[in-house]
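Have a look at the structure below, then the notes.
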Amino acid sequence: MRARRVVRRRSIARVAVGTAVVAGTAGAVHHHQDQKYAQQDAAAQQSYENAYQEGVADAQSQQQDYAPPPPAPAAPSPDLTAQLLQLSQLHDSGVLSDEEFAAAKQKLLAG
């Protein structure tokens, strides 16, 4: 019986060692995979960051290249329109001569 116990203890020890080897190998493989995926994630993140920075730079250069359209000429103010209308009425009624009307109109439009 004694011989049997020795064999049994050795087989239990072998199973324990085998289990430890398998567990250690699995842990090492898992750690290696974690590192590999972390490196891939970091590379992808860097790629996204580079693309974002390029997009920002492109947008800024396009914004600098873009010149806003010149402002539209201001519409005559209602006051100027009213004054021109009054001059026209005075001219039509004969109060102002053609020369006086032209001079007054030029003065209004210049000022």
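Just so we're on the same page, this note's numbering is the position in the sequence shown counted from 1, plus 27. Backbone N, C-alpha and C define an ideal beta-carbon position, used for all residues, glycine too.
Annotation: L123 is outside any alpha helix (DSSP H) and is labelled neither H nor E by DSSP. Going by C-alpha positions, E127 is about 33 Å away from P98. Counting C-beta atoms within 10 angstroms of its own C-beta, L112 has fewer than 16 neighbours from the protein chains shown and is therefore classed as exposed.
Spanning the alpha carbons of D119 and A137 requires a straight line of approximately 22 Å.
Proximity to A109 across L135, H58, A71, A55 peaks at L135, based on C-alpha coordinates.
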